[in-house]
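**Q**
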Amino acid sequence: MSRPAMRGAALVLVLWLIVLMASVIGAFALTARVEQLQTHVGVDALRGSQLAQAGLEYALYRQAQPAQPGQPAWISDGRSYPWQFGGAQLQLSLLSESAKVDINQADAGLLAALMQQLGAEPQQAQRLAAAIVDWRDSDELPQPLGAEKADYAAAGLPYGPSNDAFASLEELRRVLAMPAPLFQAMRPHLTLWTQRSQPEPMLASDVVLRAMGIDPVLQHSKRQALLASGNALASAGDTFSIQSRVQLADDRSVVVDAVVRLGGSDTAAAAYTVLHWQQGMGTQ
Numbered sequence: 001m002s003r004p005a006m007r008g009a010a011l012v013l014v015l016w017l018i019v020l021m022a023s024v025i026g027a028f029a030l031t032a033r034v035e036q037l038q039t040h041v042g043v044d045a046l047r048g049s050q051l052a053q054a055g056l057e058y059a060l061y062r063q064a065q066p067a068q069p070g071q072p073a074w075i076s077d078g079r080s081y082p083w084q085f086g087g088a089q090l091q092l093s094l095l096s097e098s099a100k101v102d103i104n105q106a107d108a109g110l111l112a113a114l115m116q117q118l119g120a121e122p123q124q125a126q127r128l129a130a131a132i133v134d135w136r137d138s139d140e141l142p143q144p145l146g147a148e149k150a151d152y153a154a155a156g157l158p159y160g161p162s163n164d165a166f167a168s169l170e171e172l173r174r175v176l177a178m179p180a181p182l183f184q185a186m187r188p189h190l191t192l193w194t195q196r197s198q199p200e201p202m203l204a205s206d207v208v209l210r211a212m213g214i215d216p217v218l219q220h221s222k223r224q225a226l227l228a229s230g231n232a233l234a235s236a237g238d239t240f241s242i243q244s245r246v247q248l249a250d251d252r253s254v255v256v257d258a259v260v261r262l263g264g265s266d267t268a269a270a271a272y273t274v275l276h277w278q279q280g281m282g283t284q
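Mapping of the sequence shown onto the UniProt record's numbering: residues 1 to 284, in sequence order.
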């Protein structure tokens with residue numbers, strides 16, 4: 001090979017090595033950047049989680065405090081309250097579980113009325129309500145319009161009703177012919193924890209009030225009159241749904257949705273017991 005050709009080959013080799021090194025350096029830089037972002041997100045998520053739990057505990061504290069000058073009492077009817085803590089902005093909402101329909105205690109009439117308020121046709125609502133009662137009762141005798149094991153088998157389902165109390169709200173999905181959109185609409189208005197056949201009207205949502213046959217406008221007037229007189233709306237009970245939303249610096253948020261009961265469990269002393277906990281990150 002001539003000397004000029006050797007020089008050309010060497011130049012090509014050097015250029016190739018430069019390109020290779022640039023690619024390697026770029027890959028390392030990208031990896032470092034990704035790891036930095038992952039670390040940042042992880043730290044933000046951890047901090048947001050801790051702040052959200054602080055918000056939950058503050059909401060429990062405030063609901064137990066009577067009204068004071070310059071500090072009104074918090075009402076456990078689902079309204080939202082702002083709170084600043086640890087350099088972050090939080091939105092806290094507190095809803096007594098007694099404001100909801102207990103899926104294990106409500107009769108078929110209330111269940112059907114709730115479903116109709118959420119868009120179900122009357123006959124569909126009656127069938128589903130009867131099937132819910134058949135799911136939770138201990139016998140194999142179907143309610144009128146209800147569904148027992150044979151009806152599930154006829155529908156091609158490999159299971160039947162549990163003939164026991166609902167252990168979770170998600171179990172309601174398994175009731176024969178329960179539409180997913182209707183379940184999602186019902187979920188915020190249902191509870192497992194109150195042992196009440198009727199919700200507390202002073203705290204219930206408009207949807208639940210209408211299902212109970214109560215005019216929401218009149219009920220709101222009663223609430224406002226009680227609040228204006230300085231009296232509590234009603235006993236909120238000891239079990240609450242709480243949402244604690246923490247706004248982070250980059251339009252993301254950490255959200256905790258929990259159901260908690262005041263007091264400890266049979267095996268441990270505590271200020272509250274967690275019955276349900278769901279946490280996630282979102283954007284504003």
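C-beta atoms are modelled at their ideal positions from N, C-alpha and C, and glycine is treated no differently. Note that this is a predicted model, so its numbers are computed, not measured.
Can you give me the C-alpha to C-alpha distance between T273 and Q50, rounded to a whole angstrom?
**A** 17 Å
**Q** Do you know offhand how far S96's Cα is from L203's?
**A** Roughly 7 Å separates the two Cα atoms.
**Q** For A88 and S244, which I take to be in contact (beta-carbon distance under 8 Å), what is that distance rounded to the nearest angstrom?
**A** With a Cβ gap of about 11 Å, A88 and S244 do not count as contacting.
**Q** Hey, is the segment 118 to 133 in contact with the segment 169 to 176, meaning 3+ C-beta pairs nearer than 8 Å?
**A** Yes, the segment 118 to 133 is in contact with the segment 169 to 176.
**Q** With a threshold of 16 other CB atoms inside 10 Å of the CB of L46, please say whether the residue is buried or exposed.
**A** exposed
**Q** Measuring CA to CA, which of L227, V259, A154 is closest to I75?
**A** Taking the Cα of I75 as reference, the smallest distance to any Cα among L227, V259, A154 is reached at L227.
**Q** Measuring straight from C-alpha to C-alpha, what distance separates R62 and G264?
**A** When rounded, the distance between both Cα atoms is 19 Å.
**Q** Applying the 10 Å Cβ sphere with the 16-neighbour rule, what's the burial state of A271?
**A** exposed
**Q** Which residues does DSSP list as the beta-bridge partners of D77?
**A** L95
**Q** What separation, rounded to the nearest whole angstrom, lies between the Cα atoms of Q279 and T239?
**A** 19 Å
**Q** Kindly confirm or deny that the segment 191 to 209 and the segment 149 to 164 touch, where touching means at least three C-beta pairs closer than 8 Å.
**A** no
**Q** Hey, V259 and L248: beta-carbon distance below 9 Å or not?
**A** By the CB criterion at 9 Å, V259 and L248 fall outside the cutoff.
**Q** Under the rule that 16 or more other beta-carbon atoms within 10 Å means buried, what is H220, buried or exposed?
**A** exposed
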